[in-house]
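Visitor: Numbering (the working numbering), first residue to last: -13 to 201.
All C-beta atoms in this analysis are idealised placements derived from N, C-alpha and C, irrespective of residue type, glycine included.
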Amino acid sequence: MFHAPQPKPAELRPRRWWYWAGGLVILAGFVAGITGFAIGLVSALGMPELETRFHAGEEAVLQAGRANDDTRTWLLYADRPMTSSEVDDSCTIDGPDPDAAFDMANFSQETTSGDQTWVLAAAIDISEPGTYTIACAADSGAEFGVGYGDNGVRFATGLAGGLASFFLLPALGLVIGVPILIVTAVRRRSHRRRLMSGARPDAWGPGYGGPGYGG
């Protein structure tokens, strides 16, 4: 029994590189999603640069060039976990703002910088810029740092943005890439059939006259 000759893969359209294009779109979506999640996570969990560092029993001078605003605030970090009551009992702040005080932070945070671990201990309510003196009479050897950073808004938006990237970008890659693969496969199959049905009679095996022969 003789059959119609199969077209060579290189003769089919669309070309096979469209499979690569669809696969790369899907891969790019997953890579972008993971990258976006990592960037959002770093943005959410990263601590601000410390303006001053000091040990328990020492007085530190803080040059607060900015007051707190809607998205950023002064933050107190410690090298060990501390409750808000421990901060209130052991830490003091003096400066141009007579109402400057330590408040509970809107979020918890623990991060490592080099070989140093920092735990967010409190937010510092400063409504007037200027020079402040900070001291903490905590456990001997405890170390503290003060930085100007996120008050919780950027933490939430960074985390939300990272999660959105993690789920939406891969989904977008699938939405675009999968149809490319499907359409390419369907059109190549259709093209193969057209080529086979339109083949020249001399391309068929002996004794077979092509499509419709004998019918």
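Using a Cβ-Cβ cutoff of less than 8 Å, which residues in the same chain neighbour leucine 155 once the five nearest sequence positions on both sides are dropped?
Guide: Gly15, Phe16, Ala18, Gly19 and Gly22
Visitor: Go through its chain and collect everything with a Cβ distance to tyrosine 134's Cβ below 7 Å, but skip five positions before and after it.
Guide: Pro34, Glu37, Arg52, Arg58 and Trp60
Visitor: Look at the alpha carbon of leucine 27 and the alpha carbon of threonine 97, and state the distance between them as a whole number of angstroms.
Guide: 12 Å
Visitor: Using C-beta distances below 8 Å, list every residue in its chain close to threonine 117, excluding the 5 sequence neighbours before and after it, in chain order.
Guide: Val47, Leu48, Gln49, Ala50, Gly81 and Pro82
Visitor: Suppose only complete runs of 3+ residues qualify. What are the beta strand (DSSP E) ranges in the segment 113 to 166, listed by chain order?
Guide: Entirely contained in the segment 113 to 166, the beta strand (DSSP E) runs reaching 3 residues are, in chain order, 116 to 122 and 129 to 136.
Visitor: Starting from the Cα of aspartate 85, find the closest Cα among Gly8, Ser99, Arg39 and Asn54 and give me that residue.
Guide: Asn54
Visitor: Could you check if glycine 148 is buried or exposed, using at least 16 other CB atoms within 10 Å of its CB as the buried criterion?
Guide: buried
Visitor: Since I believe histidine 41 is in contact with glutamate 114 (beta carbons under 8 Å), could you give me their beta-carbon distance rounded to a whole number of angstroms?
Guide: Actually they do not touch by this definition, with Cβ atoms about 27 Å apart.
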